[in-house]
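Colleague: Under our numbering, residues 111 to 445 are what the sequence shown spells out, in order.
Note that the Cβ used here is the ideal one computed from N, Cα and C, for glycine as well.
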Amino acid sequence: MSAKFQSRAAVTAIGSYVPQGLITNADLERMVDTNDEWIVRRTGIRKRHRAGENEFTSDLATAAVRDLTERYGVSVSDADGIIVATTTPDMPFPSVASQVQKAFGMDRAMAVDLNAACAGFVTGLQMANGLILTGAYRKILVIGAETLTKITDYTDRTTCVLFGDGAGALLVEAADTGSFLSTFAATEGSGGHHVYLTGLSNLWEGQALPGQGKLVQNGREVYKWAVSSIPDAIRELTENAGLRLEELDWLVPHSANMRIVEAICERLQFPAERALESVVENGNTSAASIPLALDAAVRAGKLKPGHLVALFGFGSGLTQSGAVIRWTAGNGREA
Numbered sequence: 111m112s113a114k115f116q117s118r119a120a121v122t123a124i125g126s127y128v129p130q131g132l133i134t135n136a137d138l139e140r141m142v143d144t145n146d147e148w149i150v151r152r153t154g155i156r157k158r159h160r161a162g163e164n165e166f167t168s169d170l171a172t173a174a175v176r177d178l179t180e181r182y183g184v185s186v187s188d189a190d191g192i193i194v195a196t197t198t199p200d201m202p203f204p205s206v207a208s209q210v211q212k213a214f215g216m217d218r219a220m221a222v223d224l225n226a227a228c229a230g231f232v233t234g235l236q237m238a239n240g241l242i243l244t245g246a247y248r249k250i251l252v253i254g255a256e257t258l259t260k261i262t263d264y265t266d267r268t269t270c271v272l273f274g275d276g277a278g279a280l281l282v283e284a285a286d287t288g289s290f291l292s293t294f295a296a297t298e299g300s301g302g303h304h305v306y307l308t309g310l311s312n313l314w315e316g317q318a319l320p321g322q323g324k325l326v327q328n329g330r331e332v333y334k335w336a337v338s339s340i341p342d343a344i345r346e347l348t349e350n351a352g353l354r355l356e357e358l359d360w361l362v363p364h365s366a367n368m369r370i371v372e373a374i375c376e377r378l379q380f381p382a383e384r385a386l387e388s389v390v391e392n393g394n395t396s397a398a399s400i401p402l403a404l405d406a407a408v409r410a411g412k413l414k415p416g417h418l419v420a421l422f423g424f425g426s427g428l429t430q431s432g433a434v435i436r437w438t439a440g441n442g443r444e445a
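Right, dumping it as structure tokens:
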């Protein structure tokens, strides 16, 4: 076997970006029948970032990669892969990934957008790991980026309190020692109508769905599904890595809602203080929530090289995607 097929995939750098615009709970009180106490009690969210009128997902993704390059002093011009996980591309095509390529001049890079909703970022990491293991790729950017405020219905009090905009990026490179210890994936397509955005079709099993052009979510059903199925999946993911739950330094579930994060930890009997989240200050940012949580922990000095981390995304589809990784990126030049 040639040397290039002996390499593993390691996370080497991270970056993130959130737009300057804000939507506070006080702002939402002026839009719909809600209040700060209700929002915090039900969701834990205190504010969300909002992209400007002419600021789109590709802008957020590019800014996250630029943050990565500046903090770690690395170039991505030689990256041979760009995977952008998003449900809110600027347009159906060209892809957000191709616009990131344009910004950084990666002339020989595969560029692809991935739609697995809130499981998208971890799915992108799984893809990057697999591509690097083949030996055909050496350096891949995996980005989660969303502008969910552009598809949020601000007359619907049940959903408009939840969603925000942001982006996070990880650089995954071929290395002698890899980051990835185990992965997990599952899909329950029969529940897809519980979280959706209509497009060319608005039909589900022959019936028209409401909410044309805006995100629709049945929060109660999503909560029931997540709390009943995700803990067992995380146990399986961790066992497949040859670990016990208590050996994990951090659990990073999708930051859908603090109450879901807390319920998952309770079911797992895992300390909630060792669950990384990004929802309190950013809202639910779908594919961006996990990298935002990771980078906040890196910046705070909580997440360090050698730490064992379980990532678990879940959302519309209904999709699940998990990975246990050994964190291999430093804190960059800010350390």
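Please return the same chain residues whose Cβ sits closer than 7 Å to the Cβ of residue 440, not counting the five positions on each side in sequence.
Modeller: If we look at residue 440 and ignore the five residues flanking it on each side, its Cβ neighbours are 415.
Colleague: Which residues in the same chain as residue 337 place their Cβ atom closer than 8 Å to its Cβ, once the five residues preceding and following it in sequence are excluded?
Modeller: Same-chain partners within the cutoff: 370, 373, 374, 377.
Colleague: For residue 171, tell me which candidate among 381, 133, 223, 156 has the shortest Cα-Cα distance.
Modeller: Closest option to residue 171, Cα to Cα, is 223.
Colleague: According to DSSP, simplified to helix, strand and coil, what is residue 159?
Modeller: Three-state DSSP puts residue 159 in a strand.
Colleague: Quick one: using the 10 Å Cβ neighbour count with 16 as the cut-off for buried, is residue 207 buried or exposed?
Modeller: Under this definition residue 207 is a buried residue.
Colleague: Mapping DSSP to helix, strand and coil, what is residue 275?
Modeller: Three-state DSSP puts residue 275 in a strand.
Colleague: Closest by CA to residue 402, which one among 133, 144, 140, 158?
Modeller: Of 133, 144, 140, 158, the residue nearest in Cα terms is 158.
Colleague: Which ranges does the beta strand (DSSP E) cover as unbroken runs of at least 3 residues, wholly within the stretch 357-442, from first to last along the chain?
Modeller: Whole beta strand (DSSP E) segments, 3+ residues: 360-363, 418-425, 429-436.
Colleague: Considering only their Cβ atoms, is the gap separating residue 131 from residue 173 smaller than 8 Å?
Modeller: Contact flag unset, no.
Colleague: For the pair the stretch 327-337 and the stretch 345-354, tell me if three or more CB-CB distances fall below 8 Å.
Modeller: Segments in contact, no.
Colleague: Measuring only the C-alpha atoms, how far is residue 242 from residue 145?
Modeller: The alpha-carbon atoms of residue 242 and residue 145 are separated by roughly 48 Å.
Colleague: Could you have a look at residue 282 and say whether DSSP puts it in helix, strand or coil?
Modeller: Residue state, collapsed to three classes: strand.
Colleague: In or out: residue 410 buried (at least 16 other Cβ within 10 Å) or exposed?
Modeller: So residue 410 ends up on the exposed side.
Colleague: Buried or exposed for residue 151, going by 16 or more other Cβ atoms inside 10 Å?
Modeller: Counting Cβ neighbours within 10 Å, residue 151 comes out exposed, since fewer than 16 surround it.
Colleague: For residue 319, which residues in the same chain have their Cβ closer than 8 Å to its Cβ, ignoring the five residues on either side in sequence?
Modeller: Only 303, 306, 308, 312, 313, 326 meet the Cβ criterion.
Colleague: Report the rounded CA-to-CA distance for residue 419 versus residue 236, giving the unit in angstroms.
Modeller: About 14 Å.
Colleague: Taking the C-alpha atoms as reference points, what is the distance between residue 135 and residue 218?
Modeller: Each residue's Cα considered, the two are about 45 Å apart.
Colleague: Could you give the DSSP three-state label for residue 179: helix, strand or coil?
Modeller: If DSSP states are grouped into helix, strand and coil, residue 179 belongs with the helices.
Colleague: Rounded to whole angstroms, what is the Cα-Cα separation between residue 154 and residue 199?
Modeller: Rounded to whole angstroms, residue 154 to residue 199 spans 27 Å at the Cα level.
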